[in-house]
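Enquirer: Mind looking over this structure? Questions follow.
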Amino acid sequence: MDNIRVLVAHKRTLYKQSLVEALKKFNELKIIGQARFFDELVKTAKEAKAKVIIVEEDIFPGKDINRILSEFSLAPYTVILTNDPHRALRSNLKNRIAFFYVDGYLIDLYRTIKALVEEKTIPQPATFKQVLNYMRILEDQGMTSEQLFLTFNKEELNLIIDIIRGKSYNEIIESQKINEKEIEVRIDKILKKMSEIVI
Numbered sequence: 511m512d513n514i515r516v517l518v519a520h521k522r523t524l525y526k527q528s529l530v531e532a533l534k535k536f537n538e539l540k541i542i543g544q545a546r547f548f549d550e551l552v553k554t555a556k557e558a559k560a561k562v563i564i565v566e567e568d569i570f571p572g573k574d575i576n577r578i579l580s581e582f583s584l585a586p587y588t589v590i591l592t593n594d595p596h597r598a599l600r601s602n603l604k605n606r607i608a609f610f611y612v613d614g615y616l617i618d619l620y621r622t623i624k625a626l627v628e629e630k631t632i633p634q635p636a637t638f639k640q641v642l643n644y645m646r647i648l649e650d651q652g653m654t655s656e657q658l659f660l661t662f663n664k665e666e667l668n669l670i671i672d673i674i675r676g677k678s679y680n681e682i683i684e685s686q687k688i689n690e691k692e693i694e695v696r697i698d699k700i701l702k703k704m705s706e707i708v709i
């Protein structure tokens, strides 16, 4: 595979520069531009002929990101950095868009870029980290095992246990005998429940 031409757009200069330097560690990625504002993103994307843009969702002028992306034709593929772990569960491969949770790991961002370009299903292991973060908070709040059993159903508890045990995305799919869509639905429900009970 040829180098993947990547443009990084983020409002915060330090974050943008750090992300660029980190992504340079992956030989398959070629960073061909940076942008801080939407107008700069449009101009740079057209000049640089990026294959993938990695962009903070707050850069877009408005909430209809799909419409904006189709209107401006910035790049064939787009990774949108989001603060919303629920949104990161939903990636629109039809429109060649992936949402990536900003609290995720660099290696997972790289895997997301690769999967997007290869048009494969995109796992979102960063959401596993969010489940673990919520579990730590709930433990600190003094949540008991009994309360966990009252809050989550059997399938959700099994999924939480597998995540705590450190199983990979694929291992969980295999052990739970569920498909990728179902695991996303279950994680989404778990995160919603956890967000409602965290103080």
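Going by our numbering, the first residue of the sequence shown is number 511, and it counts up by one from there. The beta-carbon is built from N, C-alpha and C at its ideal position, and this holds for glycine as well.
Which same chain residues, not among the five before or five after Leu591, have their C-beta less than 6 Å away from its C-beta?
Expert: If you number the sequence shown from 1, residue 591 lands on position 81. Once the five neighbours on either side are set aside, the close Cβ partners of Leu591 are Glu566, Phe610, Val612.
Enquirer: Let me confirm a value: Gln640 is counted as buried when at least 16 other C-beta atoms fall within 10 Å, else exposed. Which label applies?
Expert: One-based indexing of the sequence shown puts residue 640 at position 130. It is buried - the Cβ of Gln640 has at least 16 other Cβ atoms within 10 Å.
Enquirer: Can you tell me whether Leu524 is buried or exposed? The criterion is at least 16 other CB atoms within 10 Å of its CB, across all chains shown.
Expert: As a working mapping, residue 524 is identified with position 14 in the sequence shown. With fewer than 16 Cβ atoms within 10 Å of its Cβ, Leu524 is classed as exposed.
Enquirer: Would you mind reading off the limits of the beta strand (DSSP E) that contains Glu566?
Expert: Counting from 1 along the sequence shown, the entry for residue 566 is found at position 56. Here the beta strand (DSSP E) through Glu566 covers 562–566.
Enquirer: Can you tell me whether DSSP reads Val516 as helix, strand or coil?
Expert: Here residue 516 is taken as the residue at index 6 of the sequence shown, counted from 1. Three-state result, Val516: strand.
Enquirer: Can the beta-carbon of Ile670 be found closer than 8 Å to that of Phe659?
Expert: As a working note, residue 670 is residue 160 in the sequence shown. As a working note, residue 659 is residue 149 in the sequence shown. Going by C-beta atoms, Ile670 is not nearer than 8 Å to Phe659.
Enquirer: Where do the N-terminal and C-terminal ends of the alpha helix (DSSP H) with Phe582 fall, by residue?
Expert: For the purposes of this step, residue 582 is identified with residue 72 of the sequence shown, where counting begins at 1. Taken as a continuous stretch (DSSP letters only), the alpha helix (DSSP H) holding Phe582 covers 575–582.
Enquirer: Measuring straight from C-alpha to C-alpha, what distance separates Phe547 and Ile569?
Expert: Reading the sequence shown from its first residue, position 37 is the one you call residue 547. Reading the sequence shown from its first residue, position 59 is the one you call residue 569. For Phe547 and Ile569, the distance between alpha carbons rounds to 6 Å.
Enquirer: From Arg515 to Asn593, what does the alpha carbon distance come to, in whole angstroms?
Expert: Within the sequence shown, the letter at position 5 stands for residue 515. Within the sequence shown, the letter at position 83 stands for residue 593. Computed Cα separation, rounded: 25 Å.
Enquirer: Tell me, please, whether the CB atom of Glu649 is closer than 8 Å to any CB atom in chain D?
Expert: The displayed structure is made up of one protein chain only, and chain D is not part of it.
Enquirer: Rounded to the nearest angstrom, what separates Leu616 and Gln527 at their Cα positions?
Expert: Looking up residue 616 in the sequence shown gives position 106. Looking up residue 527 in the sequence shown gives position 17. If I take the Cα positions, the gap works out to 14 Å.
Enquirer: Assuming Glu666 and Lys699 form a contact by the criterion Cβ under 8 Å, report the distance between their Cβ atoms to the nearest whole angstrom.
Expert: Residue numbering aside, residue 666 sits at position 156 when the sequence shown is read from its first letter. Residue numbering aside, residue 699 sits at position 189 when the sequence shown is read from its first letter. Between Lys699 and Glu666 the Cβ distance is about 7 Å, and since that is below 8 Å, they are a contact.
Enquirer: How should Ala532 be labelled, buried or exposed, when 16 other C-beta atoms within 10 angstroms of its C-beta is the threshold for buried?
Expert: Here residue 532 refers to the residue found at position 22 of the sequence shown. Flag for Ala532 reads exposed.
Enquirer: Tell me which residues share the same chain as Val562 and place their Cβ nearer than 8 Å to its Cβ, disregarding the 5 neighbours each side in the sequence.
Expert: One-based indexing of the sequence shown puts residue 562 at position 52. Closer than 8 Å at the Cβ level, and outside the excluded window around Val562, lie Ile514, Arg515, Val516, Leu517, Ala585, Pro586, Tyr587, Thr588, Val589, Ile623, Leu626, Val627.
Enquirer: Roughly how many angstroms lie between the CA atoms of Ile647 and Thr637, to the nearest whole one?
Expert: The residue labelled residue 647 in the question sits at position 137 within the sequence shown. The residue labelled residue 637 in the question sits at position 127 within the sequence shown. Taking the straight line from one Cα to the other gives about 15 Å.
Enquirer: Closest to Ile707 by CA distance: which of Thr654, Tyr679, Arg696, Leu579 is it?
Expert: By one-based count along the sequence shown, residue 707 stands at place 197. Among Thr654, Tyr679, Arg696, Leu579, the Cα nearest to that of Ile707 belongs to Thr654.
Enquirer: Bridge partners for Val589 per DSSP, in chain order?
Expert: If you number the sequence shown from 1, residue 589 lands on position 79. Partner(s): Ile564, Ala608.
Enquirer: Would you give the residue range spanned by the beta strand (DSSP E) that Lys540 belongs to?
Expert: Mapped onto the sequence shown, residue 540 falls at position 30. Note, Lys540: beta strand (DSSP E), 539–545.
Enquirer: Could you tell me which of Asn668, Lys534, Val552 sits nearest to Ile688, measuring between CA atoms?
Expert: The count along the sequence shown starts at 1 and reaches residue 688 at position 178. Ile688 has its Cα closest to that of Asn668, out of Asn668, Lys534, Val552.
Enquirer: Which whole-angstrom value describes the C-beta separation of Thr554 and Gly543, a residue pair presumed to lie in contact below a C-beta threshold of 8 Å?
Expert: Numbered from its first residue, the sequence shown carries residue 554 at position 44. Numbered from its first residue, the sequence shown carries residue 543 at position 33. Right, their Cβ atoms sit about 4 Å apart.
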